[in-house]
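First the structure, in the form of structure tokens, and then the observations on it.
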Amino acid sequence: MWYNYIKKLMGDYMILIKNGRVIDPETKFDEIADVAIKDDIIFKIEKNISDECYDKIIDAEGCIVAPGLIDVHVHFRDPGFTYKEDIKTGSNAAVRGGFTTVVCMANTKPVVDNEETLKYIIEEIKKSKLNILQAASITKGLKGQEIVDMEHLKSLGAVGFTDDGIPLMNSKLLMEAMKKAKELNVPLSLHEEDPSLIINPGINHGKVSEKLGIEGALKEAEETMVARDLMLAISTGAKINIQHVSSGNTVDLIRFAKMKGAALTAEVSPHHFSLTEDSVLIHNSNAKMNPPLRTEEDRLKLIEGIKDDIIEIIATDHAPHSLEEKSSDITKAPSGIIGLETSLSLGITNLVRKNHVNIMKLIEKMTINPAKLYNLKSGRIREGLTADIVIFNPSEKWIVEAFASKSSNSPFIGQELYGKVKYTICSGTVIYQDL
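Note that the working numbering numbers the sequence shown so that position 375 is 467, with each residue one more than the last.
Written out as structure tokens, the structure is:
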């Protein structure tokens, strides 16, 4: 071990991944091959590479070797809410799920709307074993009244802008933000829920909310906001990302806007294509999130959007909360679930194995498409590129139990899933191994 560590420090540390099914979603490469890594770079992909002179050899027979996964929507809760999650535990959850890059949202305390907070986070994420990127808020204090200095925050390292969790109700302000984002070539990621159409957030207004004797969140809360923002996107030409789509009608709206030439992407969370509002009756507040789980009809429409690429990205919206918070009355418990450790497996179990998409398309939505949204060089597995790689067995079954996350608010606890991450490699270093 010490020999390998010293060699890594001195350079020319070499890893050979043998016998895996190598998939690159950008070039559509899909073959059984070996992958050779020297320091942090993939320097050879071909069949039957001799295993002499390598410091570590990984037998990937029966496994898929793909680009490290990218999640454009996570909450690591630092600063301000580290009793729920912190950068270390969030990183541990991410690498266990096969992720080598994540984008953190801005709704921390203080909000990431200023130089001091952004610089603090950038220093903290340097300690992480994976690539953590930070988005800044669109408006100061997430109040929706004044746009942040987007140009300055971008110069300090912000990769995009979002008031995630809070919709932007001022159309004029949002249009101005879109114009600035287009100028800076950065995405705006938008949380789409009109609060005037929501009584109790996190629960769909329908048969389940009626059974619980409470008012919920109308799906029109999402649809009306999306319709407005898509029209603004068409007008401004800005790159926008519609976050965590939950309504089937939203898919149709996005389809229309794309036909009109909008520069937009849409993301869906694994829980929205895996579950329906009925899960609230089983899992209580662990199935409460914004936007809420909707009907089976909505779920199937989301899957159709995934299949025909109206929805290009799968993102977890990893939102840790404490057991105490989630144990309170369902109308008072915070919305959100963790998702980094189950995301890939839910895609394999509920999309690939049910013949909705093939494994290439699933990987595309978890690697190259998120990379393109944020203008990243990652999300690819090719010679000469940085060695960010996930190795997983798509056929291996496992039970969702303990988490690497600090929190455990998941409706998937106890569920048997397919697809087990065996290795996560970031910049040529093995940062997770399934033991």
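Positions of the beta carbon are idealized from the N, C-alpha and C atoms, including for glycine.
Could you pull the DSSP bridge partners for L108 from this structure? On the sequence shown, residue 108 is found 16 positions in, with the first residue counted as 1. L108 is bridged to A128 and I149.
Within its chain, find whatever has a CB closer than 7 Å to the CB of K246; leave out the 5 residues flanking it on each side and keep chain order. In the sequence shown, the residue the question calls residue 246 occupies position 154. Same-chain partners within the cutoff: L276 and V278.
Could you tell me which residues DSSP puts in a beta bridge with D163? Residue numbering aside, residue 163 sits at position 71 when the sequence shown is read from its first letter. According to DSSP, D163 bridges with V194.
Give the secondary structure of L527 by DSSP, where H, G and I count as helix, E and B as strand, and everything else as coil. Counting from 1 along the sequence shown, the entry for residue 527 is found at position 435. Coil.
Taking C-alpha atoms, which residue in S427, T423 and L454 lies nearest to L438? What you label residue 438 is simply residue 346 of the sequence shown in a count that begins at 1. It is L454 whose Cα lies nearest to the Cα of L438.
Taking the beta carbon of W94 as the centre, do at least 16 other beta carbons fall within 10 Å, making it buried, or is it exposed? Sequence index remark: in the sequence shown, residue 94 carries index 2 (1-based). The predicted model places W94 with a pLDDT of 39, which falls under 50 and marks its position as unreliable; any figure quoted below should be read in that light. By the neighbour-count rule (16 or more Cβ atoms within 10 Å), W94 is not buried but exposed.
Candidates K218, G190, K271 and L225: which alpha carbon is nearest V204's? For the purposes of this step, residue 204 is taken as the residue at position 112 of the sequence shown. Checking every option, the nearest Cα to that of V204 belongs to L225.
With contact counted as at least three CB pairs below 8 Å, one residue from each stretch, are the segment 244-262 and the segment 343-353 in contact? Cβ pair count under 8 Å is below three, so no.
Every unbroken alpha helix (DSSP H) inside the segment 298-381 [4 residues or more]: 299-304, 312-328, 340-351, 362-366 and 371-375
Use the C-beta contact count for M102: other C-beta atoms within 10 angstroms, 16 or more gives buried, fewer gives exposed. By 1-based counting over the sequence shown, the position of residue 102 is 10. Residue placement at M102 cannot be trusted, given a pLDDT of 44 that sits under 50; what the coordinates show is reported in the next sentence. It counts as exposed.
What would DSSP say about Y466, mapped onto helix, strand or coil? As a working mapping, residue 466 is identified with position 374 in the sequence shown. It is coil, neither helix nor strand.
Please confirm whether Q237 and H283 have their CB atoms less than 8 Å apart. On the sequence shown, residue 237 is found 145 positions in, with the first residue counted as 1. On the sequence shown, residue 283 is found 191 positions in, with the first residue counted as 1. For Q237 and H283, no; Cβs fall outside 8 Å.
To the nearest whole angstrom, what separates the beta carbons of V360 and I306, a pair I think is in contact under 8 Å? Taking the first residue of the sequence shown as position 1, residue 360 is located at position 268. Taking the first residue of the sequence shown as position 1, residue 306 is located at position 214. Rounded, the Cβ-Cβ distance is 26 Å, inconsistent with contact.
Take every Cβ of the segment 324-334, pair it with every Cβ of the segment 442-452, and state whether three or more of those distances are shorter than 8 Å. no
What are the residues that DSSP puts in a beta bridge with N282? Translated into positions along the sequence shown, residue 282 becomes position 190. Here residue 282 is Leu; the residue named in the question, Asn, does not match the sequence. DSSP output for L282 lists I334 as bridge partner(s).
Could you spell out the range, first to last residue, of the alpha helix (DSSP H) harbouring S263? Walking along the sequence shown from the start, residue 263 turns up at place 171. Segment S263 to L276, the alpha helix (DSSP H) holding S263.
Among I398, L373 and D390, the one whose alpha carbon lies nearest that of T357: The residue labelled residue 357 in the question sits at position 265 within the sequence shown. Minimum Cα distance to T357 is reached at I398.
Same chain, Cβ closer than 6 Å to T193, five either side skipped, listed in chain order: Taking the first residue of the sequence shown as 1, we reach residue 193 at position 101. I162, N223 and S470.
With 16 other CB atoms within 10 Å as the buried threshold, where does N382 fall? The residue labelled residue 382 in the question sits at position 290 within the sequence shown. It counts as buried.
When you compare each of A425, L367, I517 and D241 to E388 by their alpha carbons, which one comes out closest? On the sequence shown, position 296 is the one that residue 388 refers to. Checked all of A425, L367, I517 and D241; the closest Cα to E388 is L367.
Could you say which of D126, E153 and K110 lies nearest to E488 if we only look at CA atoms? Indexing the sequence shown from 1 puts residue 488 at position 396. Looking at the Cα atoms, E153 is the closest of the given residues.
When the Cα of L108 is compared with those of P117, D132 and D147, which residue comes out closest? Within the sequence shown, numbered from 1, the residue matching residue 108 stands at position 16. Distance from the Cα of L108 is smallest, within the candidate group P117, D132 and D147, for D147.
Can you tell me whether Y97 is buried or exposed, with buried defined as 16 or more other CB within 10 angstroms of its CB? Translated into positions along the sequence shown, residue 97 becomes position 5. At Y97 the pLDDT is 44, less than 50, meaning the model places this residue with poor confidence; the figure from the coordinates comes in the next sentence. Looking at its Cβ environment, which holds fewer than 16 other Cβ atoms inside 10 Å, Y97 is exposed.
How is N223 classed by DSSP in three states: helix, strand or coil? Locating residue 223 in the sequence shown gives position 131, counting from the first residue. In the structure shown, N223 sits in a strand (DSSP, three-state: E or B).
Determine, for D256, whether the minimum Cβ-Cβ distance to residues of chain C falls below 8 Å. No chain C appears in this structure, which consists of one protein chain only.
Since I believe A186 is in contact with L432 (beta carbons under 8 Å), could you give me their beta-carbon distance rounded to a whole number of angstroms? Working through the sequence shown from its first residue, we reach residue 432 at position 340. Working through the sequence shown from its first residue, we reach residue 186 at position 94. Sure, about 5 Å apart at Cβ, within 8 Å.
Locate the beta strand (DSSP E) running through G435, then write down its first and last residues. Reading the sequence shown from its first residue, position 343 is the one you call residue 435. For the record, residue 435 in the displayed sequence is Ser; it is not Gly. Unbroken run through S435 is the alpha helix (DSSP H), S435 to G439; no beta strand (DSSP E).
Does the segment 162-173 come into contact with the segment 207-216, if we say contact requires no fewer than three beta-carbon pairs (one atom in each stretch) closer than 8 Å? yes
Could you give the distance in angstroms between the alpha-carbon of D122 and the alpha-carbon of H448? Taking the sequence shown and counting its residues from 1, the one referred to as residue 122 is at position 30. Taking the sequence shown and counting its residues from 1, the one referred to as residue 448 is at position 356. Spanning the two alpha carbons is a distance of roughly 19 Å.
What whole-angstrom Cβ distance do E118 and I460 have, given they're in contact under 8 Å? Here the question's residue 118 lines up with position 26 in the sequence shown. Here the question's residue 460 lines up with position 368 in the sequence shown. Correct: roughly 5 Å between the Cβ atoms.
Under 6 Å Cβ to Cβ from P426, same chain only, skipping five residues before and after it: list those, please. The residue labelled residue 426 in the question sits at position 334 within the sequence shown. Cβ within range, chain order: H413 and E417.
Own chain, CB closer than 7 Å to K99, minus 5 neighbours either side, in chain order: As a first step, residue 99 is located in the sequence shown; it is residue number 7 there, counting from the start. At K99 the pLDDT is 48, less than 50, meaning the model places this residue with poor confidence and gives no usable figure here.
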